[in-house]
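To start, the structure under review is shown below, and the notes come after it.
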Amino acid sequence: MKNLLIKLLHHNTRILQILLFFDLVILALHLTFGSTTPFFHLDFEQNLSTFYQSSKLIGFGMIFFLLGLSRQVKLEMKSFILPLALGLIFLGVDEWFQIHENIYRVFELFEWLRPSKVVEASMSMGYHSSLWILYYIPLFLIFAVWSGYWLRYFQSKLKTNVWVIIFSGLCFLTVLLMEILSSTGSYSGATYYWLVTVEELAEMLLASMLVFIGSKILSK
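Residue numbering for the sequence shown follows my numbering, beginning at 1085 and increasing consecutively.
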């Protein structure tokens, strides 16, 4: 089974092409039918786009996790692929259950991190967007440091795919920027629609790029 999965990941470029194709199909359905049919709208939950993104993240996350436990994978490789696998699975579960949108409920239990205090402090500094981004800042920093370390470590294996690294970084920044802008409540319905569209597209593309990078490393 594991050998079969490794052989599958050797076709990492084809996997990326297939994922990008479906990313664009989901986008096209949103642009064509999303305004009248919630099932295709990228900003609605537990619909086609949510199922697709969650399945992609959790599916490849589980494949990477299974391979990461294999004795055939060196210890140094395990320390890369297992965190990546768990990260993809977490993002997939978060996507389906919208954990980030409700994370503030957990912090109600901590006096100094209660939403009311965080909102008050952030608004005093001029921040008027999504609360969950503030709570996720530590995770963003960990991801940035972890990504920087391993991309440098694997640069010889990815040197022919520098565009993937650059594009992934741009997608990550785009997701954050679009989320901040779209949640301010300062834009018209039409502008909000396009902000959300760009955000969700960048999110899908980022997931596909992470899958490609993981597949590329494991296939070496």
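Quick reminder that beta carbons are idealized off the backbone N, C-alpha and C, glycines included. None of the values given here were measured: they were computed from a predicted structure.
### Continuous alpha helix (DSSP H) stretch holding G1210: start and end
Taking the sequence shown and counting its residues from 1, the one referred to as residue 1210 is at position 126. Element bounds for G1210: n/a, residue is neither H nor E.
### Task
Report the option in Y1277, S1272, T1281, S1267 whose CA atom is closest to the CA atom of C1255.
As a first step, residue 1255 is located in the sequence shown; it is residue number 171 there, counting from the start. Ranking Y1277, S1272, T1281, S1267 by Cα distance to C1255 puts T1281 first.
#### Entry: Contacting residues, own chain, Cβ-Cβ under 8 angstroms from F1292 (five flanking each side not counted)
As a position in the sequence shown, residue 1292 is number 208, starting the count at 1. Here residue 1292 turns out to be Ser, not Phe, going by the sequence shown. Correct list, in chain order: L1100, L1103, L1104, D1107, K1140.
### Query
So, using beta-carbon positions, are G1176 and S1138 closer together than 8 angstroms?
Within the sequence shown, numbered from 1, the residue matching residue 1176 stands at position 92. Within the sequence shown, numbered from 1, the residue matching residue 1138 stands at position 54. It is a contact, given that the beta carbons lie within the stated cut-off.
### Task
Please classify E1160: does DSSP put it in a helix, a strand, or coil?
Taking the sequence shown and counting its residues from 1, one reaches residue 1160 at position 76. The answer is helix: DSSP assigns E1160 an H, G or I state.
### Query
Does DSSP put T1258 in a helix, in a strand, or in coil?
Numbered from its first residue, the sequence shown carries residue 1258 at position 174. Of the three classes helix, strand and coil, the one that applies to T1258 here is helix, per DSSP.
### Message
Mapping the DSSP letters down to three states, classify G1145 as helix, strand or coil.
### Response
As a working note, residue 1145 is residue 61 in the sequence shown. Helix, per DSSP.
### Cα-Cα separation between Y1188 and S1206, rounded to whole angstroms
As a first step, residue 1188 is located in the sequence shown; it is residue number 104 there, counting from the start. As a first step, residue 1206 is located in the sequence shown; it is residue number 122 there, counting from the start. Approximately 14 angstroms between the Cα atoms of the pair.
### Query
Within 10 angstroms of its Cβ, does F1164 collect 16 or more other Cβ (buried), or is it exposed?
Residue mapping note: residue 1164 aligns to position 80 of the sequence shown, counting from 1. Its Cβ being crowded by 16 or more others within 10 Å, F1164 is buried.
### Message
Going by DSSP, what residue range makes up the alpha helix (DSSP H) through T1268?
### Response
Reading the sequence shown from its first residue, position 184 is the one you call residue 1268. T1268 -> no alpha helix (DSSP H), and no H or E assigned at all.
### Task
Look at the alpha carbon of I1217 and the alpha carbon of V1203, and state the distance between them as a whole number of angstroms.
Position 133 of the sequence shown, counting from 1, holds the residue named residue 1217. Position 119 of the sequence shown, counting from 1, holds the residue named residue 1203. Straight-line Cα distance between these residues: approximately 11 angstroms.
### Query
So which of G1269, W1247, I1301, K1201 has the shortest CA-CA distance to L1290?
Along the sequence shown, read from residue 1 onward, the residue named residue 1290 stands at position 206. Minimum Cα distance to L1290 is reached at W1247.
### Task
Please report the Cβ distance between V1295 and F1144, rounded to the nearest whole angstrom; I am assuming they are in contact, meaning their Cβ atoms lie under 8 angstroms.
Stepping through the sequence shown from its first residue, residue 1295 is reached at position 211. Stepping through the sequence shown from its first residue, residue 1144 is reached at position 60. Yes, they are in contact, since the Cβ atoms of V1295 and F1144 sit about 5 angstroms apart, within 8 angstroms.
### Task
Kindly indicate the opening and closing residues of the alpha helix (DSSP H) around F1194.
Position 110 of the sequence shown, counted from the first residue, corresponds to residue 1194. No alpha helix (DSSP H) contains F1194, which DSSP labels as neither H nor E.
### Query
Does the Cβ of K1300 have 16 or more other Cβ atoms within 10 Å, making it buried, or fewer, making it exposed?
Residue mapping note: residue 1300 aligns to position 216 of the sequence shown, counting from 1. Burial call: buried.
### Query
Whole-angstrom Cβ separation of S1266 and L1279, contact assumed at under 8 angstroms?
Within the sequence shown, residue 1266 is the residue found at index 182, counting from 1. Within the sequence shown, residue 1279 is the residue found at index 195, counting from 1. S1266 to L1279, Cβ: 4 angstroms. Contact.
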